[in-house]
Amino acid sequence: MRGMRARGGARDFAAAAADTASVGLSLFPLGISFGVLVVHAGLTWWWATVFTAVIYAGSLEFLLLGLVASVTPLGQIAITALLVNLRHVFYALSFPLSRVRPLGRVYATFALTDEAYAMTAGEHARSWSGARILWMQALCQGYWVGGATLGALAGSLIPITLHGLDFALTALFVVLTIDAWRTQRDLPAPLLAAASFALAALLTPGQVLPAAMALFTASLLIRYALRHRAGSPAPDEHRRPVPAISAVPAVPAVAAVAAAGGEG
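In terms of this note's numbering, the sequence shown is residues 1192 to 1455.
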């Protein structure tokens, strides 16, 4: 029995490694860029490991780095964290936590990132076991923590300041949004995201991120209500128990683009 479980665990790990290979190609170098930024912000290199292991929220970590460096009050940091990570409430509605054993759900909830959600949003992930999901999340975090640690160590040896590294997060979110659209083929979602960002930049140029997120969330709720009233099926209605969530993968791109726009 133990031998069968060991073989099953090895298969789950191998499958998860294959699943996350392409994601690792982006997470690892993105982690390196974050590590370099940590050192150049004046923090000791090991803070990169702490941030990525304990906080583990890519977009928030990039924002938090600037907030910590400028000694921002804890209340403002807490509000920023709530606004940036509010999208995870929607992720949890359709993330397959029910397949994970109760003890593993604590980590699965903690490690519910944009990449993890995007990887389980497709049809191919419906057959994944709970162990495979956990391994997938653990490997994604391993790429992120390892890259950040290496980047911080390397950054301490680089005397010059590198500009533009923070845009790597924006690029990753845009790629994830494109992949989600290819799976769902839900064109209104990215259009609503772009419109929300444009309207937020026009009306509240100093608070683009929270305004864009609020507008996009409101537009998704209104869209779902109108579709539900008209009796029209949502995209992938037969594959997802919550139709409105099919549009949520576009949220990270809005957050990243808004953050990049707000930084100048």
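Beta carbons are placed, not taken as given, at the ideal position from N, Cα and C, and that holds for glycine.
This one's a predicted model, so the numbers in the text were calculated from it and none came from an experiment.
Is the CB-CB distance between A1339 and G1257 below 9 Å? Locating residue 1339 in the sequence shown gives position 148, counting from the first residue. Locating residue 1257 in the sequence shown gives position 66, counting from the first residue. Their beta carbons are not under 9 Å apart, which means A1339 does not touch G1257 by this criterion.
Is it right to say E1306 is buried, meaning 16 or more other beta carbons lie within 10 angstroms of its own, or is it exposed? Position 115 of the sequence shown, counted from the start, is the residue given in the question as residue 1306. Flag for E1306 reads buried.
Whole beta strand (DSSP E) elements within the stretch 1275 to 1360, 3-residue minimum: If we require 3 residues or more, the stretch 1275 to 1360 turns out to have no beta strand (DSSP E) run fully inside it.
A1384 and F1407 look like a contact to me (Cβ under 8 Å); what is the Cβ gap, rounded to whole Å? Here residue 1384 refers to the residue found at position 193 when the sequence shown is read from its first residue. Here residue 1407 refers to the residue found at position 216 when the sequence shown is read from its first residue. Between F1407 and A1384 the Cβ distance is about 6 Å, and since that is below 8 Å, they are a contact.
Start-to-end residues for the alpha helix (DSSP H) that takes in A1212: Residue mapping note: residue 1212 aligns to position 21 of the sequence shown, counting from 1. Per DSSP, the continuous alpha helix (DSSP H) segment holding A1212 begins and ends at 1212 to 1231.
Short check: CB of A1322 to CB of D1203, under 9 Å? Reading the sequence shown from its first residue, position 131 is the one you call residue 1322. Reading the sequence shown from its first residue, position 12 is the one you call residue 1203. The beta carbons of A1322 and D1203 sit closer together than 9 Å.
Which residue comes first and which comes last in the alpha helix (DSSP H) that contains L1390? On the sequence shown, position 199 is the one that residue 1390 refers to. Per DSSP, L1390 belongs to the alpha helix (DSSP H) from 1379 to 1394.
Can you have a look at W1237 and say buried or exposed, based on whether 16 or more other CB atoms are within 10 angstroms of its CB? Position 46 of the sequence shown, counting from 1, holds the residue named residue 1237. Exposure of W1237 is indicated by the presence of fewer than 16 other C-beta atoms within 10 angstroms of its C-beta.
Under a Cβ-count criterion, where at least 16 other Cβ atoms within 10 Å of its own Cβ denotes burial, should L1382 be classed as buried or exposed? Position 191 of the sequence shown, counted from the first residue, corresponds to residue 1382. With a threshold of 16 other beta carbon atoms within 10 Å, L1382 falls short and is exposed.
Ignore the nearest five residues each way along the sequence and tell me which others in T1243's own chain have a CB closer than 6 Å to its CB. Taking the first residue of the sequence shown as position 1, residue 1243 is located at position 52. Non-local C-beta neighbours of T1243 in its own chain, meaning closer than 6 Å and more than five positions away in sequence, comprise W1335, V1336, A1339, ordered along the chain.
Where the alpha helix (DSSP H) through A1244 begins and ends: The residue given as residue 1244 occupies position 53 in the sequence shown. Element bounds for A1244: n/a, residue is neither H nor E.
Which residues in the same chain have their Cβ closer than 6 Å to the Cβ of A1272, if we skip the five residues on either side of it in sequence? Residue 1272 sits at position 81 when you count from the first residue of the sequence shown. Cβ within range, chain order: L1251.
Can you tell me the Cα-Cα spacing of S1410 and P1220, whole angstroms? For the purposes of this step, residue 1410 is taken as the residue at position 219 of the sequence shown. For the purposes of this step, residue 1220 is taken as the residue at position 29 of the sequence shown. Looking at the two C-alpha atoms, the distance is approximately 34 Å.
What residue does the alpha helix (DSSP H) around A1403 start on, and which one ends it? In the sequence shown, the residue the question calls residue 1403 occupies position 212. First-last of the alpha helix (DSSP H) with A1403: 1399 to 1421.
Helix, strand or coil, according to DSSP, for L1265 in the structure here? By 1-based counting over the sequence shown, the position of residue 1265 is 74. The three-state secondary structure of L1265, taken from DSSP, is helix.
Taking just the CA atoms, how far does M1404 sit from S1387? In the sequence shown, residue 1387 corresponds to position 196, counting from 1. In the sequence shown, residue 1404 corresponds to position 213, counting from 1. Cα to Cα, S1387 sits roughly 8 Å from M1404.
Tell me whether R1202 sits in a helix, a strand or coil according to DSSP, three-state version. Here the question's residue 1202 lines up with position 11 in the sequence shown. In this structure, R1202 counts as helix in the three-state DSSP scheme.
Do the CB positions of S1224 and G1397 come within less than 9 Å of each other? For the purposes of this step, residue 1224 is taken as the residue at position 33 of the sequence shown. For the purposes of this step, residue 1397 is taken as the residue at position 206 of the sequence shown. No, the Cβ-Cβ distance between S1224 and G1397 is not below 9 Å.
Is R1376 helix, strand or coil when you go by DSSP? In the sequence shown, residue 1376 corresponds to position 185, counting from 1. If DSSP states are grouped into helix, strand and coil, R1376 belongs with coil.
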